[in-house]
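Report on the following structure.
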Amino acid sequence: MQCPYCQHTNSRVLESRSSEGGQSTRRRRECLNCKHRFTTYERIEFVPITVIKHDGKKESFDASKLLRGMVRACEKTGITHQRLENIVDDIESYLQQRPQRQVTTHEIGQLVLQYLRKENEVAYIRFASVYGRFKGIKDFVETLDQLQQETVSASVSQWSNGSTKNRGESANSQFLSLSHNNSDHV
Ligand SMILES: [Zn+2]
Numbered sequence: 001m002q003c004p005y006c007q008h009t010n011s012r013v014l015e016s017r018s019s020e021g022g023q024s025t026r027r028r029r030e031c032l033n034c035k036h037r038f039t040t041y042e043r044i045e046f047v048p049i050t051v052i053k054h055d056g057k058k059e060s061f062d063a064s065k066l067l068r069g070m071v072r073a074c075e076k077t078g079i080t081h082q083r084l085e086n087i088v089d090d091i092e093s094y095l096q097q098r099p100q101r102q103v104t105t106h107e108i109g110q111l112v113l114q115y116l117r118k119e120n121e122v123a124y125i126r127f128a129s130v131y132g133r134f135k136g137i138k139d140f141v142e143t144l145d146q147l148q149q150e151t152v153s154a155s156v157s158q159w160s161n162g163s164t165k166n167r168g169e170s171a172n173s174q175f176l177s178l179s180h181n182n183s184d185h186v
C-alpha cells in the first residue's frame, strides 16, 4: 500500500480491526520511510451477478426478490422466515464464489430445490410446481413419484395415496395461482 505522503510502498500495520459491522477491516499503518501514519480499509469485492431469465432477459441478482418468491412458495409449510433467509444467504454466497458471473433462473431454481428437499417435502413440491411450470397433472404426478422414490415420508404419502388424481388436480391449480406472482426469479 503506497504511502499517501511519500509514495513509499512499504508500511507496517500498527492495528487491525473489524469495522462497518464486520464488512471491512480497518488497518492503521505507518510508512516505513517517512513514518507518517494512515488508514486503509479492506473489503470483500462485490461483483454483481447477472440472472438470465427464461425469456432470455437479463437482470441483476436480487436476494430479497428471491426471498420473497420463496416465502410465497413456502407459506404454511412450517419453514421459518429465518431459515429461508439463511438459505438465500447460502445461495448468494455460493453464487458470489463461483467464477461465473451469470446464472440462469433454472440454476437458481435447482439450488433452491436442493435446499427445500432437505427441509420439507410440501415446500419442495410447491416450489417445484412454480419453478418447473407444470403444464398439467401428468407433470405434477411425475414429480411426486420422483420425490417419493427418493424420500419416503408421511407427508408425501399423504399427497399421493388414495385419489391421486383429484388431490393432485386441486393442489396443482392452487400452485399454478402462485406462479403468477412468483415467476420473476424462478
Ligand atoms: Zn511515507
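The numbers in the working numbering rise by one with no breaks, and the one at position 31 of the sequence shown is 31.
Heads up, the beta-carbon is just placed ideally off N, CA and C, and yes, glycines get one too.
What residue range is occupied by the uninterrupted beta strand (DSSP E) comprising residue i?
i           : result
residue 23  : Here residue 23 belongs to no beta strand (DSSP E), and DSSP marks it neither H nor E.
residue 43  : 37 to 43
residue 49  : It is not in any beta strand (DSSP E) - residue 49 carries neither H nor E in the DSSP assignment.
residue 102 : 102 to 104
residue 58  : 58 to 60
Starting from residue i and walking both ways along the alpha helix (DSSP H), at which residues does that stretch end?
i          : result
residue 65 : 63 to 73
residue 94 : 81 to 97
Within 10 angstroms of the Cβ of residue i, are there 16 or more other Cβ atoms? Answer buried if so, exposed if not.
i           : result
residue 11  : buried
residue 61  : buried
residue 86  : exposed
residue 130 : buried
residue 46  : exposed
residue 94  : exposed
residue 41  : exposed
residue 44  : exposed
residue 158 : Model confidence at residue 158 stands at a pLDDT of 45, short of 50, so the residue's coordinates are unreliable and nothing is read from them.
residue 98  : exposed
residue 82  : exposed
Looking at residue j and residue i, is the spacing between their C-beta atoms short of 8 angstroms?
i           : j           : result
residue 120 : residue 78  : yes
residue 13  : residue 29  : yes
residue 222 : residue 88  : There is simply no residue 222 to check, as the chain begins at 1 and stops at 186 in what is shown.
residue 111 : residue 125 : no
Ligand 1 site residues, beta-carbon cut 6 angstroms against heavy atoms: 3, 5, 6, 8, 31, 33, 34 and 36
Touching by the beta-carbon criterion (3+ pairs, under 8 angstroms), the region 101 to 121 and the region 44 to 56: yes
Stretch-stretch touch, CB-based, cutoff 8 angstroms, three pairs: the region 2 to 13 with the region 32 to 39: yes
Three CB pairs or more closer than 8 angstroms across the region 12 to 26 and the region 68 to 79: no
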